[in-house]
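In this note's numbering, the protein residues as written are 351 to 635.
Just below is one structure, and these are the notes that go with it.
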């Protein structure tokens, strides 16, 4: 742009109905918050007016811009106006949109239990709370579950238990990955940490000591499940034909919540994220 650009008249449609004229030196055009005294340049032909919806943190919606430059530059300015408007109006996608796109979704915000409820009696308090950025159960707590249901997905989270602690992660509310203080046990059983409770023994005991954070990652597609514990593969594409004991109603492959067992002992969960998988990715075994 050159310094031959003349003047922009900017009318802010607000309660005071004030208009401001600013000289336009060289440089790009910025739409900002400061009563328009930071406008550095003007581009575009002089139409009757251009009414623009500009996103604004204080909710001030509309301004009218009347430029005075060549018709050619107006054609160049329109894409810029669209880009500026779109960038201000951009909103963070919600969980449902992320779910449709197969993107990672935060199941827990680290602050409160939004999106969670008592697994069996939603109207009753679950007995869970938030402590130092982690979900944890109080004495006498019940199981807690996501309000959203999921079918095929990758789940990742971190957990820790007390000495002798016992909990479980129920995928779709029905397939339990056991959470237990099994550190140091040479031959894990159907009831040890990482087991598909009562059905499949983990390939290795990858458990960390009580009080340390364990990382869990599970891929569940149809009735095929793979699980990693602390980076080690403990279940490799196993086939689930029946639900675990204490399962919520429904079949193995029916959509269901992510459910955390809370009535067996003190436990903490954090960094819970899920990524729905669809189409060909869901068919991969």
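Heads up, the beta-carbon is just placed ideally off N, CA and C, and yes, glycines get one too.
Treat the numbers as computed from the prediction; the structure is a model and nothing was measured.
Per DSSP, reduced to three states, the secondary structure at residue 629 is helical.
The straight-line gap separating the alpha-carbon atoms of residue 613 and residue 596 is approximately 12 angstroms. Partner residues in the beta bridge of residue 456, as assigned by DSSP, are 623. Secondary structure note for residue 585: its beta strand (DSSP E) is the uninterrupted segment 582-589. In the DSSP assignment, residue 510 falls within the beta strand (DSSP E) that extends over 503-511. Residue state for residue 540 is assigned as coil, using DSSP reduced to three classes.
Shortest Cα-Cα distance from residue 593 to any of 525, 530, 606 and 621 involves 525. In the DSSP assignment, residue 480 forms a beta bridge with 485.
Where residue 520 is concerned, the enclosing beta strand (DSSP E) starts and stops at 516-521.
Beyond the five residues adjoining it in sequence on each side, residue 530 comes within less than 6 angstroms, by CB distance, of 516, 542 and 543 in the same chain, given in chain order.
Burial state of residue 510 is buried, judged by a 10 Å Cβ sphere holding 16 or more other Cβ atoms. Per DSSP, reduced to three states, the secondary structure at residue 473 is coil, with no helix or strand assignment.
For residue 567, the pairing in a beta bridge is given by DSSP as 506 and 578.
With respect to residue 495, residue 467 sits close: the two C-beta atoms are nearer than 8 angstroms. Residue 463 places its beta carbon less than 8 angstroms from that of residue 485. Rounded to the nearest whole angstrom, the CA to CA distance from residue 579 to residue 554 is 9 angstroms.
For residue 566 and residue 577, the gap between their C-alpha atoms comes out near 7 angstroms.
Residue 608 carries a coil assignment under DSSP once its states are collapsed to helix, strand and coil. In the structure shown, residue 500 falls within a strand segment according to DSSP collapsed to helix, strand and coil.
Of the candidates 622, 518, 628 and 618, 618 places its Cα closest to the Cα of residue 488.
Residue 573 is a Cβ neighbour of residue 590, given a cutoff of 8 angstroms.
Residue state for residue 562 is assigned as coil, using DSSP reduced to three classes. Annotated three-state conformation of residue 468 is strand, per DSSP. Shortest Cα-Cα distance from residue 490 to any of 479, 500 and 497 involves 479. In the same chain as residue 522, and ignoring 5 residues on each side of it, the C-beta atoms closer than 6 angstroms to its own belong to 606, in chain order.
In this structure, 493 is the residue among 482, 483 and 493 with its C-alpha nearest to the C-alpha of residue 476. Where residue 525 is concerned, the enclosing beta strand (DSSP E) starts and stops at 525-530. If the five residues before and after residue 452 are omitted, its C-beta is found closer than 8 angstroms to the C-beta atoms of 625, 626, 627, 628 and 631, all from its own chain and listed in chain order. Take residue 501, set aside five residues on each side of it, and the residues of its chain with a beta-carbon closer than 7 angstroms to its own are 605, in chain order.
Going by beta carbons, residue 582 and residue 545 fall outside the 8 angstroms limit.
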